[in-house]
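Engineer: Heads up: the sequence shown runs through residues -4 to 284, numbered per the numbering used here.
Yeah, the Cβ is synthetic: ideal placement off N, Cα and C, and Gly gets one too.
Quick one: the structure is below, questions incoming.
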Amino acid sequence: MKPLFSTSGPWSQLLVFLFMWLVFALLSSGVSLLVLPLLPSDDGLLWCQFVSQLIMFAAPAFLFGWFYRGNPITYMHLEAKKTDVPLFLLSLGVMLLLSPVIDRITIWNDGLHFPLGMEAIEDVFRQVSQLSEQFLTPYLQRSDFVSFMQNILILAICPAICEEIFFRGVLQQVVGQCVKNVFFSIFITAVIFSLAHGDLFAFVPRMLLGIVLGYLFYWTDCIWVNVIAHFVNNAAVVVLYWLYVNNCIAINPSSPLNYSWVVVLFSLCVAMFLLVLIRIIAYRKTGNV
């Protein structure tokens, strides 16, 4: 299919895409307000988040791919092949191994404070962070299997797909056309990815995850590698909470696990080794370095 707006430059495409994001974010808020009264009171807010993800991230990504590239499936590298299976498994391992590292960085990031005189602003951002946690915790603390599968769908599968096609599938590629530099396109996208989650006290670990996801997409040219990695990162929290509330494990997921430095360094080294393997396998497939 021929793109409708193929002649515009990369910077104008970036501005259009960001404007589309803003419009669809406002639209998702309006739709959520209309849909909320129609949903079951216990799960209404959770399903509103599901709808918001689809409207705010998936919709503008597909529309941009259609308007400017003619084929969003090809543009966002949504085709998967049997040869991608080793990459799927390795990306899964990378995310699991990075968990202790991210946990340590999260503890450090959460302990940071604003400069003197900005305590009131810091309090506002901390309250925003706490509100997000308070919103999710009641859903995560349900012990029945139906609620567990609902959480997997809404908190793990949906954001993994929607956010990856938006941030890596479109934004990273458009930014890359603007800045003409792989690292800066990945870094800028990771910063926006982290800021979009609205939690400054988890900004650094989420940005680092965004950088890892950015390189996975650049190396492999397969968005499903990213989706699996992103899903594992989100699903781990859902699974740990479900095991905890069903008395299968004694570790409370709401508290930092605070791994020892030996575990953190070992996990980091093995994760880096797996990333090197991904790069080697992906290079043979795509030639991207």
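When you compare the CB positions of Val169 and Phe12, do they come within less than 7 Å of one another, or not?
Structural biologist: Position 174 of the sequence shown, counted from the first residue, corresponds to residue 169. Position 17 of the sequence shown, counted from the first residue, corresponds to residue 12. Yes, the Cβ-Cβ distance between Val169 and Phe12 is below 7 Å.
Engineer: What is the rounded straight-line gap between the Cα of Phe52 and the Cα of Leu204?
Structural biologist: As a working mapping, residue 52 is identified with position 57 in the sequence shown. As a working mapping, residue 204 is identified with position 209 in the sequence shown. Cα-Cα distance, rounded: 18 Å.
Engineer: The alpha helix (DSSP H) spanning Gln129 covers which residue range?
Structural biologist: On the sequence shown, position 134 is the one that residue 129 refers to. Segment Glu114 to Leu135, the alpha helix (DSSP H) holding Gln129.
Engineer: Tell me which residues share the same chain as Asn247 and place their Cβ nearer than 7 Å to its Cβ, disregarding the 5 neighbours each side in the sequence.
Structural biologist: The residue labelled residue 247 in the question sits at position 252 within the sequence shown. Tyr239, listed in sequence order.
Engineer: With 16 as the cutoff for other CB atoms within 10 Å, does Pro200 come out buried or exposed?
Structural biologist: Residue mapping note: residue 200 aligns to position 205 of the sequence shown, counting from 1. Per the 10 Å Cβ criterion, buried.
Engineer: Using 10 angstroms around the beta-carbon of Ala277, count the other beta-carbons present and answer buried if the total reaches 16, otherwise exposed.
Structural biologist: Position 282 of the sequence shown, counting from 1, holds the residue named residue 277. Buried is the call here.
Engineer: Beta-carbon separation of Gly209 and Gln167 under 7 Å?
Structural biologist: Here residue 209 corresponds to residue number 214 of the sequence shown, with the count starting at 1. Here residue 167 corresponds to residue number 172 of the sequence shown, with the count starting at 1. The answer is yes: Cβ separation under 7 Å.
Engineer: Note down, in chain order, each residue of its chain lying with its Cβ closer than 6 Å to the Cβ of Glu159, except the 5 sequence neighbours on either side.
Structural biologist: Indexing the sequence shown from 1 puts residue 159 at position 164. A distance below 6 Å between beta-carbons, with the five flanking residues on each side excluded, links Glu159 to the following residues of its chain, in chain order: Ile218, Asn221, Val222 and His225.
Engineer: List the whole-angstrom C-beta distance separating Pro95 from Val259, where the pair is believed to meet the contact cut-off of C-beta under 8 Å.
Structural biologist: Here residue 95 refers to the residue found at position 100 when the sequence shown is read from its first residue. Here residue 259 refers to the residue found at position 264 when the sequence shown is read from its first residue. 5 Å between Cβ atoms; contact.
Engineer: Tell me whether His225 sits in a helix, a strand or coil according to DSSP, three-state version.
Structural biologist: Residue 225 sits at position 230 when you count from the first residue of the sequence shown. Reduced to three states, the DSSP call for His225 is helix.
Engineer: Distance check for Ala191 and Met15, CA to CA, integer angstroms please.
Structural biologist: Here residue 15 refers to the residue found at position 20 of the sequence shown. Here residue 191 refers to the residue found at position 196 of the sequence shown. Going from the Cα of Met15 to the Cα of Ala191 covers about 15 Å.
Engineer: Identify whether Lys76 lies in helix, strand or coil by the three-state DSSP scheme.
Structural biologist: As a position in the sequence shown, residue 76 is number 81, starting the count at 1. The answer is coil: DSSP assigns Lys76 none of H, G, I, E or B.
Engineer: My understanding is that Val104 touches Phe196, with C-beta atoms under 8 Å, so please give their C-beta distance in whole angstroms.
Structural biologist: Here residue 104 corresponds to residue number 109 of the sequence shown, with the count starting at 1. Here residue 196 corresponds to residue number 201 of the sequence shown, with the count starting at 1. Contrary to the premise, residue 104 reads as Asn rather than Val in this sequence. The pair is a contact, with the Cβ atoms about 6 Å apart (cut-off 8 Å).
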